[in-house]
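Comments concern the structure below.
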Amino acid sequence: MRVLPFFLLLILSACGQSDEFGEAQLTPEQVSLGFFEAIYVDRDVDKAKKFVSADIQEIMDHYHIASAVQRHVLGLSMKQVTMSIDEIDIDFFRKFTDDVTVVVKMQGLKGGRDWIDDRTIRLHKIGNTWVIVEILTEKGRIEG
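Per the numbering used here, residue 208 is the first one in the sequence shown, and the count goes up by one each step.
This is the structure in structure tokens:
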């Protein structure tokens, strides 16, 4: 009878996607939030680089520090930031697509004032891994 719980655990653990090293695969939403959290909350450029393509990594290397990446790469310097996914352009059929656009909504302080803004990024699936390949130019902003 002790075999049944072990067997059920084995089946359930096999249901989640993982890579060849046994690590769980991140969704486009998790990659997006991980990137922005690394830049705006942790202020760690190296941590953020694992979520982006080699081209964007080179640009981030040029700026070195999170505040410079905020200003020059993302065009938005903020502090005390919270973020959420505002929109994603994929649905049930995400297993069949390799390109996704995600809009991340950010709330925090800009110049000491409350500020709400968003940033749109494009991700591409390489193998089983989602990677940010483009940070799209924003057309406008929302002030808080």
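Idealized CB from N, CA, C, for every residue including glycine.
query: Between the Cα of A273 and the Cα atoms of T289, K286, T234 and I246, which residue gives the shortest distance?
result: The residue among T289, K286, T234 and I246 with its C-alpha nearest the C-alpha of A273 is I246.
field: L240, enclosing alpha helix (DSSP H) - first and last residue
entry: Counting along the chain, the unbroken alpha helix (DSSP H) around L240 starts and ends at P235 to Y247.
query: Within the chosen definition, does the stretch 256-272 reach the stretch 284-292 through at least 3 CB pairs nearer than 8 Å?
result: No contact exists between the stretch 256-272 and the stretch 284-292.
field: As assigned by DSSP and simplified to three states, the class of K257
entry: In the three-state scheme derived from DSSP, where H, G and I count as helix and E and B as strand, K257 is classed as coil.
- request: List the DSSP bridge partners of R320.
  value: DSSP lists K317 as the bridge partner or partners of R320.
message: For L219, count the other beta carbons within 10 Å of its own beta carbon; 16 or more makes it buried, fewer makes it exposed. Which is it?
response: Because the pLDDT of L219 is 42, which lies under 50, any placement of that residue in the model is unreliable, and the number read from its coordinates should be weighed accordingly. Label assigned to L219: exposed.
- prompt: Roughly how many angstroms lie between the CA atoms of V259 and E244, to the nearest whole one?
  reply: It is roughly 13 Å from the alpha-carbon of V259 to the alpha-carbon of E244.
message: I'd like the span of the beta strand (DSSP E) that includes I339, first residue to last.
response: Taken as a continuous stretch (DSSP letters only), the beta strand (DSSP E) holding I339 covers T336 to I342.
query: Does the Cβ of I339 have 16 or more other Cβ atoms within 10 Å, making it buried, or fewer, making it exposed?
result: Buried: at least 16 other Cβ atoms inside 10 Å.
field: Sequence-distant residues of the same chain with beta carbon closer than 8 Å to V276, five excluded per side
entry: I246, V252, A255, M267 and Y270, listed in sequence order.
Delimiting residues of the beta strand (DSSP E) encompassing I295: Run containing I295: K286 to I295, per the beta strand (DSSP E) assignment.
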